[in-house]
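So the protein lines, in turn, are chains A and B. Residue numbers are given in my numbering: position 37 of the first sequence equals residue 487, and the series is strictly consecutive. Residue numbers are given in my numbering: position 126 of the second sequence equals residue 576, and the series is strictly consecutive. Beta carbons are placed, not taken as given, at the ideal position from N, Cα and C, and that holds for glycine. If you're wondering where the values come from, they're calculated on a predicted model, not measured in any experiment. Written below as structure tokens is the structure these notes are about.
There are 2 protein chains.
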Amino acid sequence: MPDTMKFEEMLRDAGLRVTRPRLAVLAAVTDHPHVDTGSVISVVRSDLGEVSHQAIYNVLSALTDAGLVRCIEPAGSVARYEARVGDNHHHVVCRSCGAIADVDCAVGDAPCLNASDGHGFVIDEAEVTYWGLCPSCSVRSQVAR
Amino acid sequence: MPDTMKFEEMLRDAGLRVTRPRLAVLAAVTDHPHVDTGSVISVVRSDLGEVSHQAIYNVLSALTDAGLVRCIEPAGSVARYEARVGDNHHHVVCRSCGAIADVDCAVGDAPCLNASDGHGFVIDEAEVTYWGLCPSCSVRSQVAR
DNA sequence: GCGTGATCTTGAATCAGTCAAGACTGTTGG
DNA sequence: CCAACAGTCTTGACTGATTCAAGATCACGC
Chain A
451 MPDTMKFEEM
461 LRDAGLRVTR
471 PRLAVLAAVT
481 DHPHVDTGSV
491 ISVVRSDLGE
501 VSHQAIYNVL
511 SALTDAGLVR
521 CIEPAGSVAR
531 YEARVGDNHH
541 HVVCRSCGAI
551 ADVDCAVGDA
561 PCLNASDGHG
571 FVIDEAEVTY
581 WGLCPSCSVR
591 SQVAR
Chain B
451 MPDTMKFEEM
461 LRDAGLRVTR
471 PRLAVLAAVT
481 DHPHVDTGSV
491 ISVVRSDLGE
501 VSHQAIYNVL
511 SALTDAGLVR
521 CIEPAGSVAR
531 YEARVGDNHH
541 HVVCRSCGAI
551 ADVDCAVGDA
561 PCLNASDGHG
571 FVIDEAEVTY
581 WGLCPSCSVR
591 SQVAR
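Here you go:
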């Protein structure tokens, strides 16, 4: 499993100690795009045995601060995490089932950052969330009517 | 106070019964852009006397469903409401103090809806949240360093 | 005015997330 | 290789926003 070594290196490079919970969380977030915290806990526990939920919260927070994972919180959803960081991409969220998918930004590389009037705010990021229906919910709603 | 009559009309047009809590909530959200639920409760209570928090939640939900107010939930913040609906505008959020301001969309009227690849999702809305520092937090951080 | 269904009150419950204190362990220097 | 010191993890209590449920009340059409 060369992934473990890669994760170790990522942690060291970020100045973080290498611990089993951290490796397991990195693996979980990498394997399951857009996992919520509860699922991370399940996956990590099925991997390592009992791990405190507090530890998971600590680890997710540390990894987020270090820029190794990214936290997204669509309205009405709990916090979710993804390992795809450093690029500019956004998300589509299904209004019906909450499914999330990645969407590359349509407006180029450092996009959307040109707000017409920022009210004096110093803006450093534009986060785009697309809302709609995922393929299966879309089909279901057509059948329903 | 002609506003009250306007709010009454808005409720009736939406097929909702006209009640004092609803009028008070509509007034509160109109007067205080981006209020959180707790502040709505305070404002309504200072206006009407005791009103159950559950009633406020019900009203906010009914008004949101009716399209009379809009609910926004920036990551890390509680639910907030605004009465500016029907136009396409987005928000800037201060990473430091959580202040929110409106931003007109930079890309035209029905903008940003062109995701390059929606993974088969039927997209009906693009929500943009700009992140940065509000004027006063921006000044403070410059002084600090 | 009256009846009915929508709305509000009350009070308990849930759930994600946070706090705090002590036990443990990865890492660094000797 | 070992010890010591942070940095991490465990445990267990706690918070705060939001939701649920059941009964009382009220707005609106007749």
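So is A/Pro585 in contact with chain B if we call contact Cβ pairs under 8 Å?
Mapped onto the first sequence, residue 585 of chain A falls at position 135. A/Pro585 counts as touching chain B.
8 Å Cβ cutoff, B/Leu466 in contact with chain A
Taking the second sequence and counting its residues from 1, the one referred to as residue 466 of chain B is at position 16. Chain A contact via Cβ: absent.
What does the alpha-carbon distance come out to for the pair B/Leu473 and B/His540?
Counting from one through the second sequence, the residue named residue 473 of chain B turns up at place 23. Counting from one through the second sequence, the residue named residue 540 of chain B turns up at place 90. About 26 Å.
Cβ closer than 9 Å: which chain A residues qualify as neighbours of B/Phe457?
Your numbering for residue 457 of chain B matches position 7 in the second sequence. Contact note: B/Phe457 does not reach chain A at a C-beta cutoff of 9 Å; the least C-beta distance is about 25 Å.
Beta-carbon proximity check, B/Ala478 vs B/Val490, cutoff 8 Å
Along the second sequence, one-based indexing puts residue 478 of chain B at 28. Along the second sequence, one-based indexing puts residue 490 of chain B at 40. For B/Ala478 and B/Val490, yes; Cβs fall inside 8 Å.
Could you tell me the boundaries of the beta strand (DSSP E) in which A/Ala579 lies?
Here residue 579 of chain A corresponds to residue number 129 of the first sequence, with the count starting at 1. In the sequence as presented, Ala is not what sits at residue 579 of chain A; that position holds Thr. Counting along the chain, the beta strand (DSSP E) containing A/Thr579 begins and ends at 572-583.
Looking at the unbroken alpha helix (DSSP H) that takes in B/Arg470, where does it start and where does it end?
Here residue 470 of chain B refers to the residue found at position 20 of the second sequence. Judged by DSSP secondary structure, B/Arg470 falls within the alpha helix (DSSP H) whose first and last residues are 470-481.
To the nearest angstrom, how far is it from the Cα of B/Ala464 to the Cα of B/Asp574?
As a working note, residue 464 of chain B is residue 14 in the second sequence. As a working note, residue 574 of chain B is residue 124 in the second sequence. Looking at the backbone, the Cα of B/Ala464 and that of B/Asp574 are separated by about 22 Å.
Three-state secondary structure assigned by DSSP to A/Glu532:
As a working note, residue 532 of chain A is residue 82 in the first sequence. The three-state secondary structure of A/Glu532, taken from DSSP, is strand.
Any chain A beta carbon closer than 8 Å to B/Ser588
Counting from one through the second sequence, the residue named residue 588 of chain B turns up at place 138. So, interface residue.
List, in chain order, every chain B residue whose beta-carbon is nearer than 8 Å to that of A/Tyr531.
Position 81 of the first sequence, counted from the first residue, corresponds to residue 531 of chain A. The CB of A/Tyr531 never comes closer than 8 Å to any CB in chain B; the least such distance is about 12 Å.
On the DSSP letters alone, give me the boundaries of the alpha helix (DSSP H) that B/Ala516 sits inside.
For the purposes of this step, residue 516 of chain B is taken as residue 66 along the second sequence, with counting starting at 1. 503-516 is the extent of the alpha helix (DSSP H) around B/Ala516.
Should B/Cys547 be flagged as near chain A, meaning a C-beta pair shorter than 8 Å?
For the purposes of this step, residue 547 of chain B is taken as residue 97 along the second sequence, with counting starting at 1. Judged by the 8 Å Cβ criterion, B/Cys547 is not in contact with chain A.
Using a Cβ-Cβ cut-off of 8 Å, state whether A/Gly582 counts as contacting chain B.
Numbered from its first residue, the first sequence carries residue 582 of chain A at position 132. At least one chain B Cβ lies under 8 Å of A/Gly582.
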